[in-house]
Structure formats: C-alpha cells, structure tokens
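In my numbering, the protein residues as written are 7 to 403.
Each residue gets a CB set at the ideal place from its N, CA and C atoms; glycine is no exception.
As the structure is a prediction and not an experimental result, all values here were calculated from the model.
As structure tokens, the structure follows; a few thoughts come after it.
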Ligand code: 9MR
C-alpha cells in the first residue's frame, strides 16, 4: 500500500518533470531561462527588448563583441545617429542613405524590429538648414515644405521596414529652461509654431499607413504635480490627448528613460501608473532610450568598491523599475536601452562636469552587470496574472 502510494507520487512527479521539460527543452538539455537572451525572454511576453546601435562600433572589425551582442541579445534596434537629418542629408538635396540602409539591413538579417529615430528634432539638423533659416535665405513657408519633404522621403524609403517611428522628439521644454513654465521649445516651434507636431504625424502617416507613430521625450517616466506648467509628463499627456481629439494619427508615446543614480527617481508603481494613464488615451507606450548613469567620483575612478557597488546596484534597480512597470502594462510594447556597453555610451562624452558614466547594462569589457541580470530576472519571473502578452494598437488613420 505504502509502496503503491509512493510509486503513484513518483509517476506523477516524473510525468510533471517530463511535461515541464517538453517545451522548449530537449531531453538532453533541460530548459534554463538564465541562458536565454533578453530578446527571447522579452518575446515570451510579446515585449521587444531593444538597443540603440552605433554604426561605427558595429563596423569596427577589432570589436567583434559589439556586433555579436547587438545581433543576438536584442529583439529590436534603433539607429543611435544615422537616421537623423544631418546624417541623411548633409548637403541640401544630396542624400547619404548608405549608413541607414546598412543599419536596416543589419536588423533584417537578424530578424529584429526597427524603431525609426528620428524624423523631427531640433538637434542634429544639417547646417545648411539651420543657417539658411538664420540668415533668412530659407523662408518659414519653405521650411515647412522642407520638413514635409524630409518626412515623406525618409518614411517612404523605409516603408514596411519600420515598426515604430519616433516622429517628433523632445518638443517640450524643461523646468530649468527660460521661461520655466513648460512650453513648446526649440527650432521647430520657434520657426513654425507648435502646429508642426500635428503636421509631422499626418505627413508620416500619409507616407506609411502601417508604422506605429510615436512622440518621444525624456523626463516623462512618472507624473509629478499634475500641473502642466511644471509637470512635463502632464504636459505631454495633455498634448497627446489633444492630438488624439483632433484626429492626429499618433499611436504611441515613448518615454526615453535617461535616469541617474544621483536623483530621487521613481518606484515601480509610480511608473506603472503613468504608463496606465497613457494607455487610457488609447496610445501604446515604450521605453525608448533607457540608461542609468552615475557620477564618477575620484573614488569610483580609482576603483574604490565602496563607491562603485552602490552605484551599480542603484543603476540595476532603476533599470528594473522601468522594466517591471513596462511588463505590468500591456500596451508597453518595447524596452530599448540607449547603448548596451559602457565603452559605447553617449554619457561620458556628454556629462563631464562632474564626469558621469557606468550607465549601461554591460561594462567596458562586455561583461554583464547587475543591471543586465536584473532585467533578465524581471523577464523570467513575470507572467500571469499580472504580466500578460502585449496588445499593440492598430495604426491610426
Ligand atoms: O546618443 C546620441 C549621441 O551619440 C549624439 O551625439 C547626441 C546628439 O545630441 O544624441 C544622442 O542621442 C540622443 C537621442 O537621439 C535623443 N534623446 C537623447 C539622446 C542622448 O542625448
């Protein structure tokens, strides 16, 4: 009797193990999620974990690890620079498509989705355009037409190959700007007025009926005071709501996710609440440029572990907050890091007083950091009932 009971339990146990092991493991190799890429683990939830790609690094034959990780670890890619206007049309009327074409080809070869970045931004514009406007040789009317032509030409060229386009980037000021009341800032708002935003989405839609069209900005991870005069998230929320109400074809809002461990930042529930509120407008969301930098104190630079450890741990925690929030909201479609290794990160070149760095998920020698492992475990330990497959909106007409 006793023996039979045990053998039944034993049989059930064997059967259970066998079932658990059937998919996707083989008999000789049980399934071990920790050996899977971020891409594979994310796609279990329909979530695309992506990276920005630096084409110089990708083409550097002496740096094969970069290409290996860029192609194997991520399900989606964003061009860090080569799809920006100054790169595409350095001389008026003469397009330099080769690097962007090469980037799109790379993604195709690796079966990666592409986030197109970026159609309209006030930075990295060609000098002929900004100086032409400054000296009056390009009129406001001509500028609007140039923008229409730029969007139409670029979207057309990559039609059918782009999953999400960052149509308009960083259109809103920050509280530290003058005036401090949040407003539409930069070259395009100054020259064309804020109406360029709706125009840009309509022009992009006319050129590609299927791409998801995003507004993209930083410091919109969570709501603040709720007053659009000083709460950038609220400002962008109100803007999105109003664009939707006017029938402008905006499908998503991208939250860049450039964080620093020296700041207060957010907890998972605050970020989840913000994503849910945007979802309430019927738009998709995405984290589009995540990195979490730290100040490189003298101690950090000297290799002092007591100073380095808390930074690496805080960085990992912040990467994880954004990932968990994204997983929790079904309309959060992708989570893109802005470069994956510290040797190819924009941070050290940008923040030098005080110097900052340690912002990515791999160190300078391509060793995964705690941040990488935390992202991985967030993806492994997520599932029903709180984490469900993604739901993408239909591109709006
Ligand atoms: O990472 C990009 C860096 O190589 C460029 O020099 C810089 C120029 O402004 O742009 C960086 O990417 C930015 C992105 O296009 C938009 N959001 C902020 C990113 C970091 O500055």
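**Study point:** Coil, strand or helix - residue 62 by DSSP
**Key:** Note: residue 62 maps to helix in three-state DSSP.
Practice item. Could you give the DSSP three-state label for residue 235: helix, strand or coil? Key: coil
Practice item. Give the range of the alpha helix (DSSP H) segment to which residue 211 is assigned. Key: Per DSSP, the continuous alpha helix (DSSP H) segment holding residue 211 begins and ends at 202-213.
Review point. Between residue 9 and the rest of its own chain, which residues show a CB-CB distance below 8 Å, the 5 nearest in sequence each way excluded?
Key: Confidence at residue 9 is low in this model, with a pLDDT of 39, below 50, so its placement is unreliable and the value that follows should be read with caution. No residues qualify anywhere along the chain.
Exercise for review: Please say whether residue 396 and residue 52 have beta carbons closer to each other than 8 Å?
Suggested key: yes
**Study point:** residue 120: CB within 7 Å of a non-hydrogen atom of the ligand NAP
**Key:** No copy of the ligand NAP appears in this structure; the ligands present are the ligand 9MR.
Check your understanding: the ligand 9MR heavy atoms versus the CB of residue 173: any closer than 7 Å?
Key -> no
Check your understanding: Where does residue 356 land, buried or exposed, given buried means 16+ other C-beta within 10 angstroms?
Key -> exposed
Check your understanding: Can you tell me the Cα-Cα spacing of residue 141 and residue 196, whole angstroms?
Key -> 15 Å
**Study point:** Alpha carbon of residue 391 to alpha carbon of residue 368, nearest angstrom
**Key:** For residue 391 and residue 368, the distance between alpha carbons rounds to 31 Å.
Review point. From the DSSP output, which residues share a beta bridge with residue 301?
Key: 362
Point to revise | Beta-carbon proximity check, residue 119 vs residue 54, cutoff 8 Å | key: yes
**Study point:** Same chain, Cβ closer than 8 Å to residue 162, neighbours up to 5 away in sequence not counted
**Key:** 213 and 214
Point to revise | Bridge partner(s) assigned by DSSP for residue 100 | key: 97
Practice item. Indicate, with yes or no, if the ligand 9MR has a heavy atom lying under 7 Å from the CB of residue 123. Key: yes
Check your understanding: How would you call residue 237, buried or exposed, if buried means at least 16 neighbouring beta carbons within 10 angstroms?
Key -> buried
Check your understanding: Start and end of the beta strand (DSSP E) containing residue 82?
Key -> For residue 82, the enclosing beta strand (DSSP E) covers residues 82-85.
Review point. Can you tell me the Cα-Cα spacing of residue 56 and residue 147, whole angstroms?
Key: Straight-line Cα distance between these residues: approximately 38 Å.
Review point. Can you tell me the Cα-Cα spacing of residue 108 and residue 231, whole angstroms?
Key: 44 Å
Review point. Should residue 337 be labelled buried (16 or more other beta-carbon atoms within 10 Å of its own) or exposed?
Key: buried
Point to revise | Exposure label - residue 385; buried when at least 16 CB within 10 Å | key: buried
Check your understanding: Do residue 65 and the ligand 9MR come close, with the Cβ less than 7 Å from some heavy atom?
Key -> no
Review point. Taking just the CA atoms, how far does residue 349 sit from residue 387?
Key: For residue 387 and residue 349, the distance between alpha carbons rounds to 30 Å.
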